[in-house]
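**Student:**
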Amino acid sequence: MSQKLKKLIQKDIKSQFEGVNDLIVVSLRGISGNDNNALRGELLDKHVRLRVVNNSLAGKVFDEAGMSELRDILRGPCAIAYGGESVVDVAKDLVEWEKKLENFTIKGGFLDGGVLDADQARALAKLPTRAELQGMLVVLANSPGSRVASAIGAPAGVIAGCVKALIEKLEAA
296 MSQKLKKLIQ KDIKSQFEGV NDLIVVSLRG ISGNDNNALR GELLDKHVRL RVVNNSLAGK
356 VFDEAGMSEL RDILRGPCAI AYGGESVVDV AKDLVEWEKK LENFTIKGGF LDGGVLDADQ
416 ARALAKLPTR AELQGMLVVL ANSPGSRVAS AIGAPAGVIA GCVKALIEKL EAA
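Residue 456 in this note's numbering sits at position 161 of the sequence shown, with consecutive numbering throughout.
(1) Keeping to the same chain, check which residues put their C-beta closer than 7 Å to that of S381; ignore five residues upstream and five downstream.
(2) To the nearest angstrom, report how far apart R346 and P439 are at their CA atoms.
(3) On the criterion of 16 or more Cβ atoms from any shown chain inside 10 Å, does M362 qualify as buried, or is it exposed?
(4) How about the segment 350 to 357 and the segment 367 to 374: do they share at least three Cβ pairs that are nearer than 8 Å?
(5) Please state whether the Cβ-Cβ distance between I326 and F405 is less than 9 Å.
(6) Distance, Cα to Cα, L365 vs Q429?
(7) Could you check if D388 is buried or exposed, using at least 16 other CB atoms within 10 Å of its CB as the buried criterion?
(8) Residue range of the beta strand (DSSP E) that L365 falls in?
(9) Excluding five sequence neighbours on each side, which residues of the same chain lie with their C-beta closer than 6 Å to the C-beta of G354?
(10) Quick one: grab the DSSP three-state call for S327.
(11) Return no unless some Cβ of chain C is closer than 9 Å to the Cβ of K421.
(12) Using only the alpha-carbon positions, how far apart do K421 and D384 sit?
(13) Does the Cβ-Cβ distance between I319 and I401 come in under 9 Å?
(14) Using only alpha-carbon positions, find the residue among F357, A418, F312, E397 that is nearest to G403.
(15) For S297, which three-state DSSP category applies?
(16) Start and end of the beta strand (DSSP E) containing D388?
(17) Would you mind giving the Cβ-Cβ distance between Q305 and V356, rounded to the nearest angstrom? I have them listed as a contact below 8 Å.
(18) In angstroms, rounded to a whole number, what distance separates the CA positions of G408 and Q415?
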C-alpha cells in the first residue's frame, strides 16, 4: 500500500474516532455475511458503529489520540464498536451477540483512559445502564421525601378520621 493511501486511511480513521473515548474491540473472523449484516443492522439501530480497521494504521491514530495502550489488543482481524448511549450499552449488545454467534469474540476495550481485557469488557455488560442509574437516583432522591410526606400526612389523616366520626355521631344524635 502506498504512503499516500495509508495517510488517507489514517485520516479517515482519525475522523471516525475523533471524540471517541470508550470502545470495545471484537473479532469478526469466521462470521458469515448474513450474521455480519444482522449484527451491524441491530447495532446501527442502537446508534452503535462497528468499524473494521487496519491494526497498524489504527494503532498510529490511537497513539496520536493518547490511547496507545490499545495496540496490545489490536492483534489479528479487529473491529471496533463505539457509540450508543454508553459503552455499557455497547458491551451488553456485544455480549448478547457473542452468545448467539460461535466465532464472534470480544477482545477487550478502552474505558476512561485504560485498557480492558476481554473479561473486563464483558463485565461492563453487568453494570447498570445510564437510564437504570438515573432511575435509581430518582428513587433514592424521592425516598426521604415520601417518608416525610407520609409522616406529616399520617397524623392529619387520624385527625380527619376523628372529626368525621364526631360529625357522624352528632348528625345521628
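The beta-carbon is built from N, C-alpha and C at its ideal position, and this holds for glycine as well.
**Tutor:** In short:
(1) Short of 7 Å from the beta carbon of S381, and not among the five residues preceding or following it, lie these beta carbons of its own chain, in chain order: T424, R425.
(2) Rounded to whole angstroms, R346 to P439 spans 46 Å at the Cα level.
(3) For M362, the number of other beta carbons within 10 angstroms of its own is at least 16, and it is reported as buried.
(4) These segments touch.
(5) 9 Å or more divides the Cβ of I326 from the Cβ of F405.
(6) Distance from the CA of L365 to the CA of Q429, rounded to the nearest whole angstrom, comes to 31 Å.
(7) When all chains shown are included, D388 counts as buried.
(8) Premise fails: L365 is in no beta strand (DSSP E) and is neither H nor E.
(9) Same-chain partners within the cutoff: R366, L369.
(10) Three-state result, S327: coil.
(11) Among the protein chains of the structure shown there is no chain C, as only one such chain exists.
(12) For the pair K421 and D384, the Cα-to-Cα distance works out to about 10 Å.
(13) Yes, these two residues count as a Cβ contact at 9 Å.
(14) Of the listed residues, the one whose Cα sits closest to G403 is A418.
(15) Secondary structure at S297: coil, using DSSP grouped into helix, strand and coil.
(16) It is not in any beta strand (DSSP E) - D388 instead sits in the alpha helix (DSSP H) that spans 382 to 395.
(17) Yes, Q305 and V356 are in contact; Cβ-Cβ is about 6 Å, under 8 Å.
(18) Rounded to whole angstroms, G408 to Q415 spans 14 Å at the Cα level.
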